[in-house]
Amino acid sequence: MRTTSNPAFRNLPTGQGGYATFDRQGGGMMGGGAAYADSRAARAGFGRAGAGERPLTVDDVVTKTAITGGVALVAGILTAWSGLFGLALPAIIVGFVVSLIVIFKQSTNPFLVLLYSASMGVGLGAITGALELSGTNFEGIGFQAVVGTAGVFVGMLIVYKTGAVKVTPKFTKWLMGALFGVVILMLANLVVSFFTTGGLGLRDGSPLAYLFSIVCIGVAAFSLMLDFDMADRAVKEGVPAKFAWYIAFGLMTTLVWLYIEILRLLSYLRQE
15 MRTTSNPAFR
25 NLPTGQGGYA
35 TFDRQGGGMM
45 GGGAAYADSR
55 AARAGFGRAG
65 AGERPLTVDD
75 VVTKTAITGG
85 VALVAGILTA
95 WSGLFGLALP
105 AIIVGFVVSL
115 IVIFKQSTNP
125 FLVLLYSASM
135 GVGLGAITGA
145 LELSGTNFEG
155 IGFQAVVGTA
165 GVFVGMLIVY
175 KTGAVKVTPK
185 FTKWLMGALF
195 GVVILMLANL
205 VVSFFTTGGL
215 GLRDGSPLAY
225 LFSIVCIGVA
235 AFSLMLDFDM
245 ADRAVKEGVP
255 AKFAWYIAFG
265 LMTTLVWLYI
275 EILRLLSYLR
285 QE
């Protein structure tokens, strides 16, 4: 059974049958299917949409994802424009706490999902705004990071739709291993930085830092393919429409990481 690097999608409900897919031939607008839940989700008992519930459709996923992303974008722009850069840390903490609530409670509450997006938008907007004002070298870096993130999203969607790279068990295992390795290196760099300046050199703008940022962007980008696959399977299985918010949240968590890594890489390039 395939899984996903995104913890949110591990909690999607299981079901039988389907309502609509991204492609009637099975490949799909976002690619071909994968199992999207682990044993805990199977025991959750949500199943397919009941008699009083409407099954999930592609339009539900697209609409809720667009709303979620739009809220984050607007919140980020307003924060950067207003100069409220001190909100960065509090907003990110709020976003992190809300994300844990959504994941572990398997919440489909639109308020929580939008609160997460707004909080992360404020946090990232504050960081980006402060970076842009730190020197002329960084002017316009936020716009470039947004365009880069959107470009990667669309690019991976095309790759997934065309089947140029298929989400197979082997691919998933490789990506999970890469994700695990990246996280271990990040934690190791953080710990070492407490004792030596620059840590392992993964975040100091050195050639090694360039390489590490590119690797992180690559892992985040390919993680989007697993997220698309999870969304496609949820539609095929006919889970309740309310889970569109949960899927949008899962996609948003990956996009947040992708944006951070692209912004970091751009900051290295701008320093040159």
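In our numbering, the protein residues as written are 15 to 286.
All residues carry an ideal CB built from backbone N, CA and C; glycine is no exception.
Here V181 is not near M134, since their CB atoms are 7 Å or more apart. When Cβ pairs closer than 8 Å are counted between the two stretches, the region 276-285 is seen not to touch the region 88-107, the count staying below three. The C-alpha of F209 is placed about 48 Å away from the C-alpha of T176. In the DSSP assignment, E275 falls within the alpha helix (DSSP H) that extends over A258 to Q285. Burial of S113 is indicated by the presence of at least 16 other C-beta atoms within 10 angstroms of its C-beta.
Less than 7 Å divides the Cβ of A255 from the Cβ of L70.
The Cβ-Cβ distance between G154 and A102 does not fall below 7 Å. Around the beta carbon of Y224, fewer than 16 other beta carbons sit within 10 angstroms, so the residue counts as exposed. Rounded to whole angstroms, the separation of the alpha carbons of G213 and N203 is 5 Å. The beta carbon of A140 sits closer than 6 Å to the beta carbons of T93, F99, L101 and A102 from its chain, once the five residues preceding and following it are set aside; these are given in chain order. Distance from the CA of L147 to the CA of K250, rounded to the nearest whole angstrom, comes to 47 Å. Only residues of its own chain outside the window of five on either side were considered, and among them R284 have a CB closer than 6 Å to the CB of N151, listed in chain order. Taking C-alpha positions only, V76 is separated from T211 by approximately 44 Å. Looking at the backbone, the Cα of P124 and that of P221 are separated by about 42 Å.
As summarised for the region 59-103, the continuous alpha helix (DSSP H) elements at least 4 residues long and confined to that stretch are 72-96, given in chain order.
Taking 7 Å as the cut-off, the Cβ atoms of M266 and T82 count as close. F125: member of the alpha helix (DSSP H) spanning P124 to L147, first to last residue. If you check the CB distance, T142 and G162 do not come in under 7 Å. For the pair W271 and A234, the CB atoms are nearer than the 7 Å cut-off. Apart from the 5 residues on each side of it in sequence, I106 sits with its Cβ closer than 6 Å to the Cβ of G137 in its chain, given in chain order. Under DSSP, the beta-bridge partners assigned to P254 are P69. In the structure shown, L216 adopts coil according to DSSP, grouped into three states. With distances taken between CA atoms, V72 lies nearest to W259 out of L129, L280 and W259.
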